[in-house]
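Going by the numbering used here, the first residue of the sequence shown is number 57, and it counts up by one from there.
Yeah, the Cβ is synthetic: ideal placement off N, Cα and C, and Gly gets one too.
One structure below.
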Amino acid sequence: MPTFVENIASFLPIRVLNCFAADPTPLADPASSSFEAAVLFVDISGFTALTERLAQKGSIGVEELTTHLNAYFGQLIELIIAHKGDIVKFAGDAMLAIWPAESLSLDLATYCAAQCALAILNDLGEYQAANAQLQLHIGIGAGELKEFYIGGMNGRWEYFVAGEPIAQVALAETAAGIGEVCLSLTAWELIKDQFVGTLLASNVVRLEGFNLLTCVADRRLLNIGESAPIAIYDQMQERLERYVSLGVLQRLKVGQTDWLGDLRRVSVMFLNLPGMDYDAEGSLDFISTIINAIQNILQVYEGILNKFLVDDKGSTLVIGFGLPPFSHEDDSVRCAIAGMALLEKLRSLGLQPKIGIATGTCYSGVIGSEQRREYTIIGAVVNLAARLMQAAQDGILCDERTFEFAKSRIQFESLTPIKLQGIKDAVQVFSPLGEVRQDLPWWMAGKTAKSMVGREKERLLLRHKLELLKAGVSGVVVICGDAGIGKSCLIENLLLQAQEFGVGILVGAGNANAQSKPYHAWNTVFSHLWDLSFLPDLDAKKRQVLDLLEDEPEWLEKAALFNEVLGLDFPDTEVSAGLVGPQRAEATRDLLVQLLQNSVNRSPKLLVFEDAHWPDSSSRALILAVAQKVKRLLLAIGTRLMGESVPEEYDRMLRIEGVEQLHLEAMPARYFRFALSAFEGKEFT
Numbered sequence: 057m058p059t060f061v062e063n064i065a066s067f068l069p070i071r072v073l074n075c076f077a078a079d080p081t082p083l084a085d086p087a088s089s090s091f092e093a094a095v096l097f098v099d100i101s102g103f104t105a106l107t108e109r110l111a112q113k114g115s116i117g118v119e120e121l122t123t124h125l126n127a128y129f130g131q132l133i134e135l136i137i138a139h140k141g142d143i144v145k146f147a148g149d150a151m152l153a154i155w156p157a158e159s160l161s162l163d164l165a166t167y168c169a170a171q172c173a174l175a176i177l178n179d180l181g182e183y184q185a186a187n188a189q190l191q192l193h194i195g196i197g198a199g200e201l202k203e204f205y206i207g208g209m210n211g212r213w214e215y216f217v218a219g220e221p222i223a224q225v226a227l228a229e230t231a232a233g234i235g236e237v238c239l240s241l242t243a244w245e246l247i248k249d250q251f252v253g254t255l256l257a258s259n260v261v262r263l264e265g266f267n268l269l270t271c272v273a274d275r276r277l278l279n280i281g282e283s284a285p286i287a288i289y290d291q292m293q294e295r296l297e298r299y300v301s302l303g304v305l306q307r308l309k310v311g312q313t314d315w316l317g318d319l320r321r322v323s324v325m326f327l328n329l330p331g332m333d334y335d336a337e338g339s340l341d342f343i344s345t346i347i348n349a350i351q352n353i354l355q356v357y358e359g360i361l362n363k364f365l366v367d368d369k370g371s372t373l374v375i376g377f378g379l380p381p382f383s384h385e386d387d388s389v390r391c392a393i394a395g396m397a398l399l400e401k402l403r404s405l406g407l408q409p410k411i412g413i414a415t416g417t418c419y420s421g422v423i424g425s426e427q428r429r430e431y432t433i434i435g436a437v438v439n440l441a442a443r444l445m446q447a448a449q450d451g452i453l454c455d456e457r458t459f460e461f462a463k464s465r466i467q468f469e470s471l472t473p474i475k476l477q478g479i480k481d482a483v484q485v486f487s488p489l490g491e492v493r494q495d496l497p498w499w500m501a502g503k504t505a506k507s508m509v510g511r512e513k514e515r516l517l518l519r520h521k522l523e524l525l526k527a528g529v530s531g532v533v534v535i536c537g538d539a540g541i542g543k544s545c546l547i548e549n550l551l552l553q554a555q556e557f558g559v560g561i562l563v564g565a566g567n568a569n570a571q572s573k574p575y576h577a578w579n580t581v582f583s584h585l586w587d588l589s590f591l592p593d594l595d596a597k598k599r600q601v602l603d604l605l606e607d608e609p610e611w612l613e614k615a616a617l618f619n620e621v622l623g624l625d626f627p628d629t630e631v632s633a634g635l636v637g638p639q640r641a642e643a644t645r646d647l648l649v650q651l652l653q654n655s656v657n658r659s660p661k662l663l664v665f666e667d668a669h670w671p672d673s674s675s676r677a678l679i680l681a682v683a684q685k686v687k688r689l690l691l692a693i694g695t696r697l698m699g700e701s702v703p704e705e706y707d708r709m710l711r712i713e714g715v716e717q718l719h720l721e722a723m724p725a726r727y728f729r730f731a732l733s734a735f736e737g738k739e740f741t
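Next up, the structure:
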């Protein structure tokens, strides 16, 4: 039975495992190196249609689909490994493998790749799965590859290869018909004496078979021995884990090595970065900057980077919102907002990204065998997102389902329906413009303060606090309790009551995955105050801030202090550059406190913080400063019970005179019976 480390290792290429076996110390910095190799790309058509058909059968269909996927990919993996190949990446229903020219010469490596391709066609060329014919197209290239170990944000890393052979296989595979293998001219020159081929008009060679006479005569081919065994040992665990998805790691850690895939609603994003030059001087640092920026944004919105692929059209990232270990009701919203954030950030780095987003049900799960496997997503929605990316010139295109799920939160532009490759009818598409401006959080649309059951005492106290606020009296209320006890429900009721009172509302929130990001809990608060959230790009946001600071010359000198809070990039002035360390932190807090005070001077406001147990130390320090200094403000904080581990800032806040603490306990059973009766439309007795 494989060990835990061996199970993790099955998700990584042999080349990566050998690298880590030689030095298991986790990388501190990105790295790259070059090597020659033959490259094979196998594209399998038919799995998407099979997925959609079996999905109609529910859980039985999922089990059947998992069986077919693993049976097919298991054979494909076995054939590649038997021919000394190394599987670098699964690309949905495709696969990329390499034959490094290290223990072999490049011509022998290419020979092995071609031999493997013919074996794949022989064994899997007419494969039937649930009465569906799966079809193969194979491309082969050869030359110098460049490998990258990139990432590092929150310990997450990516491995990928790039270079001319990748572009070669993309062109060759595109030219290959059903059940055909095509080679680039470079690859063909290396093996033309051992094989028979036909030159095509597309300037690639279709592989017809072996040249039996020359294959037998070439004694070198008899010396291709078995691959050396891979060394896997426990000291590699920490480094290996950094390259495996969090959802997979969670399953492996509880012993679930052979779990079934599932059908889940996912918002899929395809992000393409055209024109990336991986051979340019300084490319490693630039690519590292890009990947770190992407990782940072995905961390905030809890999207999962599923694939990083490189081909002749640039670099493409496949990202899922709703994939393990994260799943939210608002995944479509998160995906669209993350898309806008990525577009803005990547443009600021000089790139012209193209993004396609689609929402729907797809198959997600681990496919392959104990030798090699990956977590992947397959389905029509994945293909649709890819087609939308291809159609997006320099921006974001979303499908109609994403629009329907996200329109209450995001403003969209409806575009003319377009024709997409592989889709019969024209597709209605939308482009997100920005978040909708509204006082109440978007998820509360249509709710009323009267819809809550129980917590009468707490609701009355909060109502009294709102009445005092209307009279200009400040207050601080801390609502604490265990997870799931009802803190969010009570806070929602408070927000609804505030709306009825005509009190202005500001909402901030902590995020477990953004604790290293200073002031992350305050971004939405100040973005709302300055009407930044619906502006299309960074330049527009900066212009808006400068316009608002026009009458405050002292603030203009310190505009760079807003950068961390609002995600801006104002350059330091002579004044702000002189503020460093604790002095800069204090100056930033004072500036933000004054900004908030100026706002509530015009009209009193309710400021709510959800998940206040997650904010970073800068956010907590600002919460304390606001509680101490800002007048005409009701500050309401929702947090889990902190016990003895109360952060210093909260401990000091709780000591402020007049602070109310509401410790929520479980409600009596009668309230649950009442709520259930109301839900079922029955009279409560």
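For residue 491, write down the residues that DSSP places opposite it in a beta bridge. By 1-based counting over the sequence shown, the position of residue 491 is 435. Looking at the DSSP assignment, residue 491 forms a beta bridge with 466.
Continuous beta strand (DSSP E) assignments of at least 3 residues falling wholly in the segment 200-231: List check, beta strand (DSSP E) in window: 213-218.
Secondary structure of residue 318, DSSP reduced to three states: Along the sequence shown, one-based indexing puts residue 318 at 262. Three-state result, residue 318: strand.
Can you tell me which of 307, 596, 671 and 330 puts its alpha carbon nearest to the alpha carbon of residue 63? What you label residue 63 is simply residue 7 of the sequence shown in a count that begins at 1. In terms of Cα proximity to residue 63, the closest of 307, 596, 671 and 330 is 307.
Between residue 648 and residue 136, what straight-line distance do the alpha-carbon atoms span, to the nearest angstrom? Residue numbering aside, residue 648 sits at position 592 when the sequence shown is read from its first letter. Residue numbering aside, residue 136 sits at position 80 when the sequence shown is read from its first letter. In a straight line, the C-alpha of residue 648 is about 59 Å away from that of residue 136.
Does the contact criterion of 3 or more C-beta pairs under 8 Å hold for the segment 583-602 versus the segment 687-696? No, because fewer than three Cβ pairs between the segment 583-602 and the segment 687-696 fall closer than 8 Å, the two stretches do not touch.
Would the segment 85-98 count as touching the segment 148-162 if we require 3 or more Cβ pairs under 8 Å? Taking 8 Å as the limit for Cβ pairs, the verdict is that the segment 148-162 does touch the segment 85-98.
On a CA-only basis, which of 421, 442 and 392 is nearest residue 462? Give me that one, please. Counted from its first residue, the sequence shown places residue 462 at position 406. It is 392 whose Cα lies nearest to the Cα of residue 462.
What residues match up with residue 155 in a beta bridge as DSSP calls it? The residue labelled residue 155 in the question sits at position 99 within the sequence shown. BP columns for residue 155 point to 94.
Return the chain-ordered list of same chain residues with a C-beta closer than 6 Å to the C-beta of residue 389, the five sequence neighbours on each side being excluded. As a first step, residue 389 must be located in the sequence shown, where it is residue number 333. 462 and 465, listed in sequence order.
Could you tell me which uninterrupted beta strand (DSSP E) segments, each at least 3 residues in length, are contained entirely in the segment 346-374, listed from first to last along the chain? Counting whole runs of 3 or more residues, the segment 346-374 contains the beta strand (DSSP E) stretches 360-367.
Hey, how far is the Cα of residue 175 from the Cα of residue 417? Counting from one through the sequence shown, the residue named residue 175 turns up at place 119. Counting from one through the sequence shown, the residue named residue 417 turns up at place 361. Here the alpha carbon of residue 175 sits roughly 34 Å from the alpha carbon of residue 417.
Where the beta strand (DSSP E) through residue 239 begins and ends: Here residue 239 corresponds to residue number 183 of the sequence shown, with the count starting at 1. First-last of the beta strand (DSSP E) with residue 239: 236-239.
Distance check for residue 431 and residue 776, CA to CA, integer angstroms please. This structure cannot settle anything about residue 776, because the visible part of the chain is limited to 57 through 741.
Residue span of the beta strand (DSSP E) that contains residue 433, given as start and end: Within the sequence shown, residue 433 is the residue found at index 377, counting from 1. Residue range 429-434 is occupied by the beta strand (DSSP E) that includes residue 433.
How many Å lie between residue 179 and residue 134 at the Cα? One-based indexing of the sequence shown puts residue 179 at position 123. One-based indexing of the sequence shown puts residue 134 at position 78. Taken atom to atom, the span from the alpha-carbon of residue 179 to that of residue 134 is near 11 Å.
Sequence-distant residues of its chain with Cβ nearer than 6 Å to residue 615 (five each side left out): As a first step, residue 615 is located in the sequence shown; it is residue number 559 there, counting from the start. Within the same chain, residue 615 has close Cβ partners 626.
Using the rule of at least 16 other Cβ atoms within 10 Å of the residue's Cβ for burial, across every protein chain shown, is residue 239 buried or exposed? Taking the first residue of the sequence shown as position 1, residue 239 is located at position 183. A buried status is given to residue 239, since no fewer than 16 other beta-carbon atoms sit within 10 Å of its beta-carbon.
Excluding sequence positions up to five away, which residues of its chain have a Cβ less than 6 Å from the Cβ of residue 375? Position 319 of the sequence shown holds residue 375. 325, 359 and 361.
How many Å lie between residue 720 and residue 541 at the Cα? In the sequence shown, the residue the question calls residue 720 occupies position 664. In the sequence shown, the residue the question calls residue 541 occupies position 485. If you take the alpha carbons of residue 720 and residue 541, they lie about 7 Å apart.
Three-state secondary structure (DSSP) of residue 99: Along the sequence shown, read from residue 1 onward, the residue named residue 99 stands at position 43. In the three-state scheme derived from DSSP, where H, G and I count as helix and E and B as strand, residue 99 is classed as strand.
If we count the other Cβ atoms within 10 Å of its Cβ and call it buried at 16 or more, is residue 310 buried or exposed? In the sequence shown, residue 310 corresponds to position 254, counting from 1. Exposed is the call here.
If you count every other CB in all the chains shown that lies within 10 Å of the CB of residue 59, and 16 or more means buried, which is it? Taking the first residue of the sequence shown as position 1, residue 59 is located at position 3. The residue in question, residue 59, is exposed, as its Cβ has fewer than 16 Cβ neighbours within 10 Å.
From residue 451 to residue 673, what does the alpha carbon distance come to, in whole angstroms? As a working note, residue 451 is residue 395 in the sequence shown. As a working note, residue 673 is residue 617 in the sequence shown. The straight-line gap from Cα to Cα measures roughly 35 Å.
Taking just the CA atoms, how far does residue 669 sit from residue 382? Numbered from its first residue, the sequence shown carries residue 382 at position 326. Numbered from its first residue, the sequence shown carries residue 669 at position 613. C-alpha separation (whole angstroms): 19 Å.
Do you know whose CA, among 459, 401, 90 and 718, lies nearest residue 468's CA? Position 412 of the sequence shown holds residue 468. That would be 459, whose Cα lies nearest to the Cα of residue 468.
Assigned secondary structure, residue 377 (DSSP; H/G/I helix, E/B strand, else coil): One-based indexing of the sequence shown puts residue 377 at position 321. Reduced to three states, the DSSP call for residue 377 is strand.
If you run the structure through DSSP and keep just helix, strand and coil, what is residue 557? Here residue 557 refers to the residue found at position 501 of the sequence shown. DSSP places residue 557 in helix when its eight states are reduced to three.
Within 8 Å, do at least three Cβ pairs link the segment 326-345 to the segment 393-407? Counting Cβ pairs under 8 Å, three or more are found: they touch.
If we call anything under 8 Å between Cβ atoms a contact, is residue 559 one with residue 526? Mapped onto the sequence shown, residue 559 falls at position 503. Mapped onto the sequence shown, residue 526 falls at position 470. In this structure, residue 526 lies closer than 8 Å to residue 559 by Cβ.
In terms of residue numbering, what span does the beta strand (DSSP E) encompassing residue 448 cover? Within the sequence shown, the letter at position 392 stands for residue 448. Counting along the chain, residue 448 falls outside any beta strand (DSSP E), and DSSP gives it neither H nor E.
In this structure, how does DSSP classify residue 142 when only helix, strand and coil are distinguished? Within the sequence shown, residue 142 is the residue found at index 86, counting from 1. Three-state DSSP puts residue 142 in a strand.
For residue 572, report the span of its alpha helix (DSSP H) as first-last. Within the sequence shown, numbered from 1, the residue matching residue 572 stands at position 516. Counting along the chain, residue 572 falls outside any alpha helix (DSSP H), and DSSP gives it neither H nor E.
Using the DSSP secondary-structure output, state which residues sit across from residue 87 in a beta bridge. Residue 87 sits at position 31 when you count from the first residue of the sequence shown. Residue 87 pairs with 205.
Could you tell me which residues DSSP puts in a beta bridge with residue 251? By 1-based counting over the sequence shown, the position of residue 251 is 195. In the DSSP output, where bridge partners are listed per residue, residue 251 has 266.
Between the C-alpha atoms of residue 16 and residue 184, what's the straight-line distance to the nearest angstrom? Because residue 16 is not part of the residues shown, which for the chain are 57 to 741, the question remains open.
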